[in-house]
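Asker: Residue numbers (the numbering used here): 22 to 213.
By construction, the Cβ of each residue, glycine as well, lies at the ideal position given by its N, Cα and C atoms.
Every value quoted in this text rests on a predicted model; they were computed, and no experiment measured them.
Structure provided below as structure tokens; questions to follow.
Laid out in structure tokens, this is it:
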């Protein structure tokens, strides 16, 4: 039992570090935001070990971004900056771990040898993860970056964040679908 816990902690650390590094492999959008591979290790961990492990991996990615200063902060007071950083990095990346809600559906499709079911589970899992992350970014956009909005703050934040989150979803869904069907052993975390 203790060895399984240690193995889980090591996997979370490795996948968290991989997510942090993959965030540097990014296409910067002209208006801000970036399209990167950061979500893939978090989603993989969520499918491999479950939602809680995925959330912890996402929290670790967000924490690594915060402590290394790879963040964008609002030009408001310190208290607002702390809240914005927590929501935009810890909560947003932690929410990506909810992709693990599709883990059992994926494993069932894998056991039945249904590649289409495996792909559907991966895409829906990434969609859940992307939507929750997008929602957090929209909320922080409304609360902390509203001074940059032209017109309706909610619409501005929703459109601004969609410009990079839609490509992030498409990229992560494509990579996870291909990865999870080509190498299902990555997701199958049975002790060997």
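(1) Are the CB atoms of residue 193 and residue 60 nearer to each other than 7 Å?
(2) Tell me whether residue 24 is buried or exposed, calling it buried when 16 or more other Cβ atoms sit within 10 Å of its Cβ.
(3) Can you give me the start and stop residues for the alpha helix (DSSP H) that residue 151 sits inside?
(4) If I'm right that residue 177 touches residue 54 with Cβ under 8 Å, what's the distance once you round it to whole angstroms?
(5) For residue 9, report the span of its alpha helix (DSSP H) as first-last.
(6) Which residues in the same chain have their Cβ closer than 8 Å to the Cβ of residue 196, if we skip the five residues on either side of it in sequence?
(7) CB residue 92 to CB residue 79, shorter than 7 Å?
(8) Can you give me the C-alpha to C-alpha distance between residue 161 and residue 147, rounded to a whole angstrom?
Answerer: If we stick to the structure as given:
(1) Against a cut-off of 7 Å, the Cβ pair of residue 60 and residue 193 comes out as a contact.
(2) Under this definition residue 24 is an exposed residue.
(3) Its alpha helix (DSSP H) spans residues 136 to 165.
(4) In fact, because the Cβ distance is near 13 Å, the residues do not count as touching under 8 Å.
(5) Summary: the structure shown does not reach residue 9, with the chain confined to residues 22 through 213, and so no result is reported for it.
(6) Annotation for residue 196: 58, 61 place their beta carbon closer than 8 Å to its own, counting only its chain and skipping 5 residues before and after.
(7) The Cβ atoms of residue 92 and residue 79 do not sit closer than 7 Å to each other.
(8) Straight-line Cα distance between these residues: approximately 21 Å.
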